Amino acid sequence: MKFKQESGARNQKSGVLAAAVVCAASVFGAANDTFFIRGVDVYPVTAVKMENVSVLIQDGKIAEIGAKIVAPKGIKIVEGKGLRVYPGMIDSGTTLGLSEISAERVTVDTGELGEFMPQLRALIAVNPESEHFPVVRANGITSTVTYPATGGRGGGGGGSQQIIAGQAALIHMAGWTWEDMEINRSAALTIQFPSTAGGRGNFAADFPEEFGGPQQSYADRKRAYDQAIQRLNDFFDAARQYQKERSNNAPGFKKDLKMEAMIPVLDRKVPVAVTAQRERQIRDAMAFADKQHIRIILLQPRELLKVAADLKAKNIPVILGRTEALPENEDAAYDQAESLPGLVFKSGVKFAFATFNNEFSRNLPYNAARAVAYGLPADEALKAVTINAAEIWGASDKVGSIEKGKWADLMITNGDPLETPTEIKHVYIKGVDIDLTNKQTRLYEKYRNRP
Amino acid sequence: MKKTFLAALFVAAFAHAEVTVIRNATIMSESSKGTFKGSILVRDGKIAEVGENVMVPQGATVIDAQGQWVTPGIIDAHSHIAGDGNINEGSVSVSSMVNIKDIINPEDVAIYRALAGGITTANILHGSANAIGGQTIVLKMRWGKDADGLIFEGAKPGIKFALGENPKRAGNPVGGGRGAQPLNARYPATRMGVEDVIREAFNEAVQYKAEWDAWEKGGKQGIPPRKDLKLEALKEVLEGKRYVHAHCYRSDEILMLIRVADDYGFKIRTFQHVLEGYKVAKEIAAHGAGASTFSDWWSYKAEAWDAIPYNAAVMAKKGVVVSLNSDDAELMRRLNTEAAKAMKYGGMSREDALAMVTINPAKQLGVDNRVGSIEVGKDADIVIFDKDPLSTFSKVQKVMIDGSKYFDRDSEVSARPMKEASKQKMIDREKADQPAQKRRPQ
Amino acid sequence: MKHILIALLAFGAIAAGQPQPTSIAIRNAKIVTVSGPTIAKGTVVLRNGLIDAVGDNVQPPGDALVIDGEGMTVYPGLIDALSTWGIPVPAANGRGGRGATATPAPTVPAPPPARGPEDRPQTTSWVKAMERIQANDRRIESARSAGFTTAFVFPTTGIFGGQGSAVNLAGAKTEDMVLVPSLGQYISLTVRPGGGFPSALMGYIAYVRQIYLDAEHYKLEKDAYDKNPRGMKRPEYDRALEGVLESKRILLPANRWVEVERMVKFAAELKQPVILYGMREGFDKRATDYLKSTPVLVSLKWPVKSPNADPDDEETMKTMEVREKAPTAPQALKTAGVKFAFYSDGLDQPRDIQRAVKKAIDNGLSREDAVRALTLSAAEIYGLADRIGSVEKGKIANLVVTRGDIFDDRTRVEMIFVDGVKHLPAPEAAGRGGVPTENRQ
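Chains as they are written, first to last, in the numbering used here: chain A, -9 to 441; chain B, 669 to 1110; chain C, 657 to 1097.
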């Protein structure tokens, strides 16, 4: 019984201790972000696995890793025998903290009105008490990039008209405030690249064309597409002009919040996360990036294999959506979504995984695993949910691997975290032992004991 | 005549080996036997022998499954694939006159994709827009057959009920349904109304049944009563000839429907989704209903707020026959790893977890005498995985239904270049044809 | 001298009331009889609106107006086997029902959404096409100019659109045109918005099923009442059911082979003689296997690529295959021994129809079979082969006379005879505005 387990829902802090984990009483002062993991197998992701070593966590950061390091006197010790330590996983695309019940608009804060809204910041709308965080991090996911809009994939609101939706933030999945949670408040400016898709809405799906309302001609859609790209370029040109006037302190210069938000993008300090799916969109987005001399990251570029060589040449990373997805059309191979990451890996394009769905963010590792079943090397799958994401989002000095000096965003498991039945024994965020209970475990405990 | 690739696939699917032996497999089936290494002999579409050593009859096709895992065909108790048009007849609160059987679409590629995920049988349900929905049907994923060829012969038909947010949406003035135009709001708009709709319908059905019973008892004299398709389906429910599959979320509505069924003397065969089933597992078990739930869906709407991934395990431990379903053409392709979540959340054993997508849904659909486990005499609906089917790293290699191979990953993958070439040829032919068309006077 | 006569007649269609020759003879013409062998050079004699004689050694009677058919070919007049020619474009989505008219006046508020089959949604089964036909519809002249002399016109609005009528395509008023008032019931399963029942394909099917159950029950009650009204409550008059009961066959839509299977079985369940229309996938063996003795009508509107399609959008193989193979359906049906006829399906430009038929010929159908599908087969499918569809003695004098093969691009229609009255083709300028018949589910 390889995967036999008692329950994944044990409250580690309530004194019900799982197999081999022993928490020693801490006399190392009041600090709860300093401890010592003893005799554990470390999977640093950026280096080869180290068996039966110890890890010292000090002030929330990884201080020391090695076979010979000794636990400082009085430090809290976590017994790691037979267990594994991995860096916490990163979901490169959610709206966690901003969207609670996706069908209930009042609980959703994505998708603001306005076509160009670079000044909006997802970070400041993150509700640290969202019920989603405890559920997701219980599965070893410790950070996410949370977006101000979901590119038409749920969330609702006025977002469908948006081109620039605002700034996405890379956050830890725990903290007292959103400031505590912040890793990179401007991980990217979010752009929903214009599209020629369109025509009628879903409501008429069952009706023949003559009853579905007038379908816009392709020529009309293409014109609208070209115009939208033009507006986008105009907006960037205006920002550049603004930047020039600002640095020259031109007479009559007035501060503009939208334009201010654009400056780090123009300076290439902040990348642009562009949602573009079709080949034409991707190519046009790349041309746009060249023209505006900005850094881009492509989100869910489903036809990316057609442009992989160019992406690699230009060093443009991509965020892949779920491998738990249907093929694009009837003729596509049944395993199209599953096989994609393996092919992207072979093409040499850098990538990370995202779920783009709060509800299924906890299944991030299984999406990676599914790619392994269909051709992606297993260690690459793990990288795509850890270090690759950290690198893409400009935080590889802080998270994404087990290395000295990084935040102790870690998980301790009894097996491969990409396997469903593996137990996540401990999760640490900034060195703090995270309570693995959540709304769901509480309801479980309550009702399993219903007389 | 050029044969298209699709046609070629159909031909392949029909290739029927009379006798097949699957050898050296790691076989996972019903709990009692656990997991063991052995062979399966398939004859005339049925499992003829299972054991550690099975004699290979002369002329038998041998599949060497060394290093591979074999499970019974996976069964999805809640699917909406293989239908033409809308799966909701949402215009009325009681749409029991409609029948999924009328719109079976054997060309839906979702059938093939489900097959490629190990699904061999699926319960195809009407949508959840109505308190009492349409009639449902159990299909086998016999890709390549016509509509009749997909029907699971002998499986009892069902009917969809739906409680909670979906059936009341059309009546809700702010629900975004047709209620946006208040004049067209459709009763009901509350859970109270949902109960009433069901009670009113059964009140009518009881009288309808009495009318027919009287006519039949009277020696069928004179003109028979008018046959009403809407009430006919409910009459069948009252007579136990049709299973009720009830979409539900909250514990209050689950309990409500149990009591309504008690009052009218019928049974709920399965509660579907039943995300708060864990709160009333005792009552569900006492009623004798099955529960078919999602592994870990939650938070997508208000009534899914208290959903927990431990639901399946809690209900199972309290005596309910539990299955995990998909309700989705995508999820349908990986119910094996959904089953693995029942191990993670609630500590089910490997075999009990697998049962939730094999024998348990078979029981719920009343077809466990035919499918759901690898036992002598049952239909040879068999899946071969390359690895442990409960591992996220596994994938389906071959699928057999009634002893015929319907999916083979190796042949599928090797046929891809041919398929692409034939598509490209078609595109080229059309392009070549275009200038000729332009020359014609417009 | 004959030439002068022809020239005189060439001033357009003959005005009603103008004296007609009692007999017309076309001689020295090639005659494609369809029912029998083609006569290389022969004579057709028309009298009293009927074909009086046909043969290679028939002498024109003395009183006949003789037309020299040298270099011309005489065909039976073409038949559109499912047409809307003559019926004006409906104002809006007419929702039927007890007491509702099919096309309500704009001042009448729309009826509330139907709550179930009992509201008889989208039903005007009692309507006969001839009641709707306007003799001055420009499409009538346009079609006649292309050689069509008869159309089986159906009211196509709604689920039970109504009963088709066979009409000749010439006449001052509709009454002059009617051959047969009721050919059968047109049933459409095209899902339309509207809010009421039914709203999904399976609802449409369930509704049709319920109607036939109701009709059966209604008939029992009516018969019982007619036999012995005393002491029995009079059955409530239901015109929807009356319309269904007086229809001797039904027309059901089937384009995909899947729909062929579905509709053949459905018709059998309803115990109604059926004609299937659409047949886009009539090329597929899985379709023809089901058809056997079921006659079908093949739409001449071959599938085309949507002009709104994004050039980057990849079409599915199935879509492309159907588009490529649809025009091979007629020959496939012929090979499979399925009786088929063509229908215009909204095409009302003579040139479009001609081109569409040519496409079937280019895809393997013989010219003889193409002519047959537009003449005798159409008549046979509706049981009218005893009066139209071929050049035979005693049949209605509906003929088309061409110079050249009727489906060739350069061919000219010289003259058309409807009920023995000669017409000349109008210049091809007849306006569009046809009502497409629905041919999908």
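All residues carry an ideal CB built from backbone N, CA and C; glycine is no exception. Remember, predicted model here, so these are calculated numbers, not experimental data.
- Annotation for residue 315/A: no alpha helix (DSSP H) segment contains it, and DSSP assigns it neither H nor E.
- The distance from the Cβ of residue 953/B to that of residue 94/A is about 32 Å, inconsistent with a contact at the 8 Å cut-off.
- Chain B has no Cβ within less than 7 Å of the Cβ of residue 901/C.
- Taking a 10 Å sphere around the C-beta of residue 1079/B, we find fewer than 16 other C-beta atoms and assign the residue as exposed.
- Following the DSSP letters along the chain, one finds residue 977/B in no beta strand (DSSP E), marked with neither H nor E.
- Counting only Cβ-Cβ distances below 7 Å, residue 1059/B has contacts in chain A at 409, in chain order.
- Contact between residue 998/C and residue 1029/C holds: their C-beta atoms lie close to 5 Å from each other, under 8 Å.
- Rounded to whole angstroms, the gap between the alpha carbons of residue 905/C and residue 840/C is 5 Å.
- Within 9 Å of the CB of residue 359/A, the CB atoms of chain B belong to 1005, 1059, 1060, 1061, in sequence order along the chain.
- Judged by DSSP secondary structure, residue 974/C falls within the alpha helix (DSSP H) whose first and last residues are 973 to 981.
- Taking C-beta atoms under 8 Å as the contact rule, residue 950/B and residue 985/B fail to qualify, at a distance of about 11 Å.
- Distance between residue 288/A and residue 295/A, taken at the CA atoms: about 13 Å.
- Cβ contact annotation for residue 773/C (same chain, cutoff 6 Å, sequence separation greater than five): 863, 866, in chain order.
- Under DSSP, the beta-bridge partners assigned to residue 803/B are 767/B, 827/B.
- Legend: CB atoms of the stretch 861 to 873 of chain C lying less than 9 Å from CB atoms of chain B belong to residues 861, 862, 863, 865, 866, 869, 870, 872, 873.
- Around residue 351/A, the same chain offers 81, 84, 86, 122, 126, 131, 134, 345 as residues with beta carbons nearer than 8 Å, after the five sequence neighbours per side are excluded.
- Annotated as distal: residue 819/B and residue 1046/B, with beta-carbon spacing of 7 Å or more.
- Listed as beta-bridge partners of residue 308/A by DSSP are 288/A, 341/A.
- Unbroken beta strand (DSSP E) stretches of 3 residues or longer found wholly inside the stretch 843 to 894 of chain B: none.
- Across the set 900/C, 1065/C, 1022/C, 855/C, the C-alpha of 900/C shows the shortest separation from the C-alpha of residue 875/C.
- Shown here for residue 1052/C: same chain residues with a beta carbon closer than 7 Å to its own, the five before and five after excluded, namely 705, 706, 1043, 1044, 1075 in chain order.
- The alpha-carbon separation between residue 417/A and residue 77/A amounts to approximately 10 Å.
- Counted as a single uninterrupted DSSP element, the alpha helix (DSSP H) harbouring residue 381/A occupies residues 377 to 382.
- Between the C-alpha atoms of residue 696/B and residue 414/A there is a straight-line separation of about 26 Å.
- Proximity of residue 437/A to chain B, defined by a Cβ-Cβ separation below 7 Å, is satisfied.
- Beta-bridge analysis with DSSP links residue 794/B to no other residue.
- The three-state reading of DSSP puts residue 913/B in strand, counting E and B together.
- Per DSSP, the beta bridge partners of residue 1078/C are 1073/C.
- Counting along the chain, the unbroken alpha helix (DSSP H) around residue 864/C starts and ends at 857 to 883.
- Linking residue 1042/B to residue 738/B through their CA atoms gives a straight-line distance of about 9 Å.
- Residues of chain A with a Cβ closer than 8 Å to the Cβ of residue 969/B are, in chain order, 91, 92, 93, 94.
- In terms of CA proximity to residue 724/C, 700/C leads the group 815/C, 700/C, 709/C.
- When the Cα atoms are used, residue 749/B and residue 997/B turn out to be separated by approximately 6 Å.
- Listed along chain B, the residues sitting closer than 8 Å to residue 321/A by beta-carbon distance are 1087, 1091.
- C-alpha of residue 962/C to C-alpha of residue 182/A: approximately 27 Å in a straight line.
- Straight through space, the alpha carbons of residue 896/C and residue 767/C are spaced by roughly 17 Å.
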